[in-house]
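If you read the sequence shown in UniProt numbering, its first letter stands for residue 1, the second for the next number, and so on.
Ideal placement from N, C-alpha and C gives every residue a C-beta, glycine not left out.
What you are looking at is a predicted structure, and each value in this text was computed from that prediction instead of being measured.
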Amino acid sequence: MGMNWDELEKQCKECQKCKLCETRHNVVFGVGNRSADIMFIGEGPGENEDLQGEPFVGRAGKYLDKLLAAVDFSREKDIYIANMVKCRPPQNRDPLPEEQDACIGWLNTQISLIQPKIIVCLGRIAAMRLIKPDIKITKEHGIFFDKNGIKMVAMLHPAALLRNPASKPAAFEDMLKLRQVYDELTNG
Ligand code: URA
């Protein structure tokens, strides 16, 4: 492979591997610290993300920033954020398996360039694809799995937390656990 970030971003932004390229305004490549120990992976861009070309900039993104700030993480400094698919699925439907298949190579290259110690899957779509296909996110969020030397954890999607505020304390617990696992990995 041997691809660098500039090449990767340029090629990704020209991608036409699936039909989502026909309706996108922007490819949402990813943002954050390219040397971060923690990578967050969401589902796919929504309307605001599609218009601005950045992941998690809408309401759900603002809530994610709040959860991160609560455990003293910032998106610029401590993490890198990307999505399973880089282009918005129309009407925010779930990305189709063939769209995820077409897009996964970009994400895999991002992961191999960053070499994160921890990957946080935000929501069911990322968790099923990256952790295990039969994951039950309502039961298994906050549990760390070891995969190829990377600690992988699913968290409830911030958009789901906004729809169901009763889950917010559980999401905060998961963030605290992430902070603890990160501190153990990096201080110890
Ligand atoms: N939801 C996601 O999964 N990703 C985004 O970038 C925005 C909302």
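Closer than 6 Å to a non-hydrogen atom of ligand 1 - does that hold for the CB of residue i?
{"i": "Glu43", "result": "yes"}
{"i": "Phe29", "result": "no"}
{"i": "Pro55", "result": "yes"}
{"i": "Asn108", "result": "no"}
{"i": "Gly46", "result": "yes"}
{"i": "Asn83", "result": "yes"}
{"i": "Ala127", "result": "no"}
{"i": "Glu49", "result": "yes"}
{"i": "Ala60", "result": "yes"}
With distances taken between CB atoms, is the gap from residue i to residue j smaller than 7 Å?
{"i": "Cys103", "j": "Val120", "result": "no"}
{"i": "Glu43", "j": "Ile131", "result": "no"}
{"i": "Leu161", "j": "Ala171", "result": "yes"}
{"i": "Asp54", "j": "Val71", "result": "Going by the sequence as given, residue 54 is Glu instead of Asp. Their beta carbons are not under 7 Å apart, which means Glu54 does not touch Val71 by this criterion."}
How many Å lie between residue i and residue j at the Cα?
{"i": "Ile137", "j": "His25", "result": "31 Å"}
{"i": "Asp183", "j": "Trp106", "result": "29 Å"}
{"i": "Phe73", "j": "Ile81", "result": "13 Å"}
{"i": "Val27", "j": "Gly46", "result": "11 Å"}
{"i": "Leu8", "j": "Asn33", "result": "16 Å"}
{"i": "Ala36", "j": "Glu76", "result": "9 Å"}
{"i": "Gln11", "j": "Phe29", "result": "10 Å"}
{"i": "Thr186", "j": "Leu113", "result": "19 Å"}
{"i": "Met39", "j": "Met3", "result": "19 Å"}
{"i": "Asn83", "j": "Pro95", "result": "11 Å"}
{"i": "Gly142", "j": "Leu156", "result": "9 Å"}
Checklist entry - Is it a yes or a no for the segment 9 to 18 touching the segment 54 to 63, going by three-plus beta-carbon pairs under 8 Å? => result no
Checklist entry - Residue ranges of each alpha helix (DSSP H) run of no fewer than 4 residues wholly in the segment 66 to 99, ordered along the chain? => result none
Next on the checklist: My parser needs the beta strand (DSSP E) runs of 3 or more residues fully inside the segment 113 to 183; what are they?
Outcome noted: 118 to 122, 144 to 147, 150 to 155
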